Amino acid sequence: MSDTFSVQLQQILKRKAKEAGESLLDAMSSAQVLNLNQRLNQGIGIDDKPMPPLSPAYSKSKGKSRLRSLLDTGHMRRSIRIIKKPNLHTIGFGDSFAKDKATWNNKKYRWWGISKRDQQRLNQVLLETLRGQQR
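Residue numbers (our numbering): 53 to 187.
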């Protein structure tokens with residue numbers, strides 16, 4: 053095998069590994085945003101258990117159900133973003149107001165992060181993504 057062929061093969065393998073890594077990061081981060089929104093739509097916290105309901109007075113004043121879905125105006129949840137850097141995707145917020153609101157809510161009732169059920173779903177996404185890349 054010539055040195056030129058070896059160099060070309062190494063370059064191709066490097067590029068393919070990078071492409072596979074980025075597509076895996078895309079799949080995993082998108083799946084976690086979906087997990088997070090599905091949990092919140094059901095009022096489920098980081099422990100995979102229902103968060104305490106809103107107080108009757110608060111829910112009445114807002115004209116909302118007592119489900120703690122963190123969807124009062126929707127601003128904070130619409131601000132959830134995937135921040136992409138080479139070899140790193142982070143889930144965060146599009147503005148500081150949403151981030152501050154999320155931090156305050158998370159201190160009150162833990163909801164931010166990856167729950168055990170989220171992790172199971174992410175493992176499934178990982179396997180499906182890797183299987184798809186082998187084809």
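Note that beta-carbon positions come from the ideal geometry of N, C-alpha and C, so glycine has one too. Predicted model, so just to flag it, every value in this text is computed and none were measured.
- Excluding sequence positions up to five before and after Arg120, its CB lies within less than 7 Å of the CB of Gly95, Met103, Pro104, Pro105, Leu106, Tyr161, all in the same chain and listed in chain order.
- Two segments are said to touch when three or more pairs of C-beta atoms, one from each, lie closer than 8 Å; by this definition the stretch 125 to 135 touches the stretch 146 to 163.
- Assignment of Thr142 by DSSP, reduced to helix, strand and coil, places it in the strand class.
- Close CB contacts of Ala150 within its chain, under the 7 Å cut and outside five residues either way in sequence, are with His127, Met128, Ser131 (chain order).
- The distance from the Cβ of Asn139 to that of Gly73 is about 6 Å, consistent with a contact at the 8 Å cut-off.
- With respect to Ala79, Thr181 sits close: the two C-beta atoms are nearer than 9 Å.
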